[in-house]
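Each residue of the sequence shown is one higher than the last, beginning at 1 in full-length UniProt numbering.
These notes concern the structure reproduced below.
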Amino acid sequence: MTNQELFYTYNMEVYRFCYYLLRNAADAEDMCQDVFLKALVCDRSGIPETALKAWLMRIAVNTCTNATKRSKLKLIKEAIYYGWRGTSGLNESAETVFEGHWERQELNELLNQLSDKLRKVIILKYLNDCTNQEIADILSIPLGTVKSRVHKGLKVLQGKLRGNPDSLAIAKGGANYGTEH
1 MTNQELFYTY
11 NMEVYRFCYY
21 LLRNAADAED
31 MCQDVFLKAL
41 VCDRSGIPET
51 ALKAWLMRIA
61 VNTCTNATKR
71 SKLKLIKEAI
81 YYGWRGTSGL
91 NESAETVFEG
101 HWERQELNEL
111 LNQLSDKLRK
121 VIILKYLNDC
131 TNQEIADILS
141 IPLGTVKSRV
151 HKGLKVLQGK
161 LRGNPDSLAI
171 AKGGANYGTE
181 H
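Given below as structure tokens:
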């Protein structure tokens with residue numbers, strides 16, 4: 001099957017699938033394009049034609065899942081970035097500047113409630129734009145430890161934002177956390 005045939009045969013099905021996953025037409029179009037870009041550069045010679053649809057849908061699931069994760073992390077990253085650095089101050093009302101300062105102060109208080117181990121990875125990841133591998137190299141810890149600390153740190157921050165009192169024990173290294181590296 002040629003690339004053009006592949007696209008015209010499965011384009012609507014992949015788009016529909018992406019739309020139901022993302023519930024947004026523009027995002028579904030973007031993801032559909034990404035799916036086909038990935039599919040068209042892959043070697044499909046070992047995939048039987050009867051399995052092409054399943055293969056494309058697997059690419060669609062992975063692409064949409066990754067995009068959703070990136071979108072959520074981007075929101076957190078923006079909150080941390082703008083919460084600390086604020087905005088330029090140009091064309092901002094005094095109220096907006098004050099709110100930004102207040103949010104920075106709240107964010108700093110939340111981050112200060114994290115253990116050093118969690119705070120370091122969160123700051124490196126979301127303020128300094130370091131990759132997980134870069135964080136592992138910087139802190140001389142395994143990549144898996146970085147991933148678990150990022151996950152744990154975000155979970156604790158989310159719990160604190162929702163007012164979960166148990167998240168503080170985890171943040172300070174309770175619940176058997178913090179005994180590794």
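We put the CB at the ideal spot given by N, CA and C, even for glycine.
Excluding five sequence positions before and after N132, the CB atoms of its chain that fall closer than 8 Å to its own CB belong to K125, L143, V146, K147, V150, given in chain order. Taken in chain order, the complete alpha helix (DSSP H) segments of 4 residues or longer contained in the UniProt domain "RNA polymerase sigma-70 region 2" (11-71) are 25-41. Rounded to the nearest whole angstrom, the CA to CA distance from I138 to K53 is 43 Å. DSSP, reduced to helix, strand and coil, places R162 outside both helices and strands of the structure shown, so it counts as coil.
Under the three-state reduction of DSSP, L154 is assigned to helix. Here Y8 is exposed: its Cβ has fewer than 16 other Cβ atoms, across all protein chains shown, within 10 Å. Across the set Q113, T2, R70, L161, the C-alpha of T2 shows the shortest separation from the C-alpha of S45.
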